[in-house]
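Trainee: Quick note on numbering: my numbering labels position 196 of the sequence shown as 197, and the sequence is numbered without any gaps.
For glycine and all other residues, C-beta sits at the position ideal for the given N, C-alpha and C.
Structure below; questions to follow.
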Amino acid sequence: MTNKEFNDSIRTKIYSYPDDVIKLSKKFLLEADFSNKKDIVDAYSALGVAHEIKNNIDSTLYYYYKALNLVEEPNQVIQFKYSIAGIFLREKSYQDALELYNQSLLLAKQSNSQEAVNKINRKIAIIRNEIGQVGEAVRLLKEIYLDSKSANDVDLKFIRKDLIEAYLKNKNFKESESLINEGITEAKADNNKEFLFYMNSLLAKSYLFQARPNEAMQSINLTLEIAKYLKNQEFIDESYFLQAEIYLQSKSYSNAIEALKKTNTSDKTKSSEQLSKYYKLMAEAYKELDSMNISNNYLQRYIEEKDKVSSKRLYALEKIHDISLNEEVSKKEIQAKKKSYWIVTSLVLLALIIIFIARYFRIKARNQKRFDALMDKITAYENSNKVKADQDLEASKEQEKQVPLTKPEATPSIIHVDKKDKNNQEKDLEEIEKEQEDTTFSIDDEKVDEILKKIQTLEDKMYFLRQDCTLHNMAKKLKTNTSYLSKIINTHLDKSFSTYINELRINYAILELKSNKKLQAYSVKGIAEEMGYKNADSFSRYFKSATGITPSVYLDKIKNVK
């Protein structure tokens with residue numbers, strides 16, 4: 002199949018039949034001449050787009066990165082970096098997205114492409130808006146909007162939409178509603194139902210932010226009408242989400258739940274962001290209805306969904322539930338019965354306090370037991386290391402004369418991350434793809450020995466503490482490929498890449514926190530970042546799974562150890 006035949010074929014199928022495009026692209030790769038980079042790039046690009054349509058984020062990034070590594074022409078580099086950054090932006094990985102957008106912006110300026118500069122700056126402004134730099138986002142978007150307006154840019158309506166969202170976040174309702182009315186007039190003139198939906202949706206948000214629920218509901222009913230007319234499930238879901246928020250503001254909690262139930266959250270193509278939004282609103286509604294068990298169940302699912310995309314937005318709902326989990330039930334019982342049943346309420350409160358105290362001491366005793374067990378392991382580990390160091394010193398001369406084993410002794414560990422624990426399987430970018438590939442290929446012993454030595458060198462240099470320590474980056478560092486590295490770690494270290502890295506990080510954290518007084522003064526978030534994690538939740542989860550106690554408990558107790 003020629004390159005033209007391949008591109009003509011996928012062009013007609015890419016959005017309607019992504020599975021067919023994946024099969025066709027893989028077949029094309031098998032037959033392709035790998036010296037012809039254009040063919041390979043086109044195939045990787047098609048695979049990336051098809052997986053993106055299917056919402057397979059890991060595979061999308063995998064193929065986009067493979068294409069990016071092959072292209073040299075600046076415009077193509079900009080295109081792939083822009084596409085990869087878009088995935089990170091959608092998944093709320095703002096730091097990764099911003100880094101790639103800035104690289105693309107530099108290339109676009111060097112190429113004197115004002116259109117590309119505006120396009121990238123628009124995305125940078127969206128990130129600034131999301132991370133709270135609203136003033137800077139508004140300034141940047143206003144410049145792009147005025148520049149695009151004078152140039153009759155086809156993306157003008159999208160830029161207007163982004164500027165409105167920035168104005169809303171900045172609570173500049175006058176400017177936002179002026180642009181919304183301008184957009185509604187234009188969309189009606191062009192009979193553009195899609196943008197009529199966007200503008201009315203933003204108008205509803207504006208009313209919602211201003212606590213004008215009746216007007217917000219009128220606007221959202223109109224957007225729902227348009228969404229159903231377009232038969233666009235994403236628009237329908239967005240309308241019901243907004244409707245639920247309006248009901249929550251109006252304290253119509255049952256209506257909010259009914260609106261949320263109408264969203265298509267069972268669809269497997271839904272993003273984690275949409276699912277987490279659904280769980281968050283459900284948790285809030287059931288909390289207000291005093292259904293704390295259901296509310297907490299949705300809260301847990303919300304947190305789990307956020308963890309999949311390395312979310313940065315867990316704090317709002319967790320803070321909402323801080324009071325709920327410990328005080329809300331008692332507080333409401335006291336308020337409800339205080340006038341006529343104050344004696345009964347006092348007894349109930351006393352009983353709750355006793356239960357709380359008993360539970361506190363039980364947890365404290367359990368944590369102390371687990372801490373003592375962990376300290377025993379640390380002591381045994383340190384003694385073992387001393388003995389091994391003495392033995393190594395005595396045998397060093399003999400060892401130099403011996404041929405090194407292909408499979409060296411694994412690095413000793415204090416604890417081990419449970420490989421069967423599904424809650425702790427946050428896999429690296431390529432690991433999911435690698436599991437689907439053929440693993441029956443063999444690697445010669447000399448190559449295995451060489452890579453294992455390099456892995457040990459990276460361990461010694463504590464490469465695992467870097468936040469960019471991924472399968473892809475480590476393979477690049479070792480000058481090998483991800484397939485080799487993944488197989489060697491699985492075969493010779495008897496664990497997956499993510500388990501291997503997390504064991505190194507948690508073992509290092511346990512020892513370093515024991516002896517490093519400066520590190521003991523850090524917050525859990527600060528310690529997590531020092532250990533290579535991007536957020537405190539992942540670090541805490543792995544730490545507790547491995548040790549039985551949270552990092553906070555370990556810190557409190559280790560500080561009192563003499």
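Would you call the CB atoms of ILE247 and ILE221 closer than 8 angstroms?
Mentor: Yes, the Cβ-Cβ distance between ILE247 and ILE221 is below 8 angstroms.
Trainee: Distance, Cα to Cα, ILE41 vs THR264?
Mentor: Each residue's alpha carbon lies about 40 angstroms from the other.
Trainee: For GLN111, count the other beta carbons within 10 Å of its own beta carbon; 16 or more makes it buried, fewer makes it exposed. Which is it?
Mentor: By the neighbour-count rule (16 or more Cβ atoms within 10 Å), GLN111 is not buried but exposed.
Trainee: Would the C-beta of GLY133 count as close to the ligand ATP, meaning under 7 angstroms from any of its heavy atoms?
Mentor: No copy of the ligand ATP appears in this structure; indeed no ligand is present at all.
Trainee: Look at the alpha carbon of LYS455 and the alpha carbon of ARG91, and state the distance between them as a whole number of angstroms.
Mentor: LYS455 and ARG91: Cα-Cα distance of roughly 35 angstroms.
Trainee: Where do the ends of the alpha helix (DSSP H) carrying VAL449 lie?
Mentor: 446 to 461 is the extent of the alpha helix (DSSP H) around VAL449.
Trainee: Leaving out the 5 sequence neighbours to the left and right, which residues in its chain are closer than 7 angstroms to ASP163 when beta-carbon positions are compared?
Mentor: Around ASP163: ARG123, ALA126, ILE127, LEU142.
Trainee: So does the stretch 534 to 551 actually touch the stretch 512 to 520, counting three or more Cβ pairs closer than 8 angstroms?
Mentor: In short, these stretches do not touch, since the Cβ pair count stays below three.
Trainee: Using 8 angstroms as the threshold, is the stretch 498 to 505 in touch with the stretch 516 to 524, meaning 3 or more CB pairs across them?
Mentor: No, the stretch 498 to 505 is not in contact with the stretch 516 to 524.
Trainee: Here's the rule: buried if 16 or more other CB atoms are within 10 angstroms of the residue's CB, otherwise exposed. What is MET475?
Mentor: Classification of MET475: buried, given that the 10 Å Cβ count is 16 or more.
Trainee: Since I believe TYR66 is in contact with LEU48 (beta carbons under 8 angstroms), could you give me their beta-carbon distance rounded to a whole number of angstroms?
Mentor: In fact, because the Cβ distance is near 11 angstroms, the residues do not count as touching under 8 angstroms.
Trainee: Closer than 8 angstroms by C-beta to ALA228: which residues in its own chain qualify, once you throw out the five before and the five after it? Chain order, please.
Mentor: The residues are PHE198, PHE236, ILE237, GLU239, SER240.
Trainee: Grouping DSSP H, G and I as helix and E and B as strand, with all else coil, what is MET532?
Mentor: Note: MET532 maps to coil in three-state DSSP.
Trainee: Go through the stretch 176 to 247 residue by residue and report every complete run of the beta strand (DSSP E) that reaches 3 residues or more, in order.
Mentor: Qualifying beta strand (DSSP E) stretches: none in this window.
Trainee: Nearest-angstrom Cα distance between ASN508 and ARG367?
Mentor: The straight-line gap from Cα to Cα measures roughly 21 angstroms.
Trainee: Using the Cα positions of LEU479 and LYS82, report the straight-line distance between them to the nearest angstrom.
Mentor: So the alpha carbons of these two residues sit roughly 24 angstroms apart.
Trainee: Whole-angstrom Cβ separation of LEU106 and ILE121, contact assumed at under 8 angstroms?
Mentor: Confirmed, about 5 angstroms.
Trainee: How is SER149 classed by DSSP in three states: helix, strand or coil?
Mentor: Here SER149 sits in helix by DSSP.
Trainee: Please classify PHE357 as buried or exposed, where buried requires at least 16 neighbouring CB atoms within 10 angstroms.
Mentor: Classification of PHE357: exposed, given that the 10 Å Cβ count is below 16.
Trainee: Could you spell out the range, first to last residue, of the alpha helix (DSSP H) harbouring ILE54?
Mentor: Where ILE54 is concerned, the enclosing alpha helix (DSSP H) stretches over 38 to 54.
Trainee: For ALA68, which residues of its own chain have a beta-carbon under 7 angstroms away from its beta-carbon, when the five flanking residues on both sides are left out?
Mentor: Around ALA68: VAL42, TYR45, SER46, GLY49, PHE81.
Trainee: Quick one: is GLY184 buried, meaning 16 or more other Cβ sit within 10 Å of its Cβ, or exposed?
Mentor: GLY184 comes out buried.
Trainee: Check whether the Cβ atoms of LEU249 and ALA286 lie closer than 8 angstroms to each other.
Mentor: Yes, they are a contact pair.
Trainee: Give the secondary structure of ASP59 by DSSP, where H, G and I count as helix, E and B as strand, and everything else as coil.
Mentor: Correct three-state label for ASP59: helix.
Trainee: Rounding to the nearest angstrom, what Cα-Cα distance links LYS423 and GLU504 in this structure?
Mentor: Low confidence applies to LYS423: its pLDDT is 46, below 50, so where it sits in the model is not reliable, and the reading given next is rough at best. So the two alpha carbons sit approximately 15 angstroms from each other.
Trainee: Does the separation of the CB atoms of GLU166 and LEU223 fall below 8 angstroms?
Mentor: Cβ distance not < 8 angstroms, so GLU166 and LEU223 don't count as in contact.
Trainee: What's the gap between the Cα of GLU100 and the Cα of ASN215?
Mentor: Going from the Cα of GLU100 to the Cα of ASN215 covers about 42 angstroms.
Trainee: To the nearest angstrom, report how far apart MET218 and GLU187 are at their CA atoms.
Mentor: So the two alpha carbons sit approximately 23 angstroms from each other.
Trainee: Looking at the structure shown, is SER105 part of a helix, part of a strand, or coil, going by DSSP?
Mentor: DSSP places SER105 in helix when its eight states are reduced to three.
Trainee: Going by other Cβ atoms of all chains shown within 10 Å of its Cβ, with 16 needed for buried, is ARG12 buried or exposed?
Mentor: Per the 10 Å Cβ criterion, exposed.
Trainee: What is the DSSP secondary structure of THR483, counted as helix, strand or coil?
Mentor: Reduced to three states, the DSSP call for THR483 is helix.
Trainee: Rounding to the nearest angstrom, what Cα-Cα distance links SER541 and LYS370 in this structure?
Mentor: Between SER541 and LYS370, the C-alpha separation is close to 19 angstroms.
Trainee: Applying the 10 Å Cβ sphere with the 16-neighbour rule, what's the burial state of ASP97?
Mentor: ASP97 is buried by the Cβ-count criterion.
Trainee: Just to confirm my understanding: we take LEU71, look at its own chain, exclude 5 residues before and 5 after, and list those with CB closer than 8 angstroms. What are they?
Mentor: If we look at LEU71 and ignore the five residues flanking it on each side, its Cβ neighbours are LYS38, ILE41, VAL42, TYR45.
Trainee: Within its chain, find whatever has a CB closer than 8 angstroms to the CB of ASP20; leave out the 5 residues flanking it on each side and keep chain order.
Mentor: Closer than 8 angstroms at Cβ, skipping near neighbours: ALA51, LYS55.
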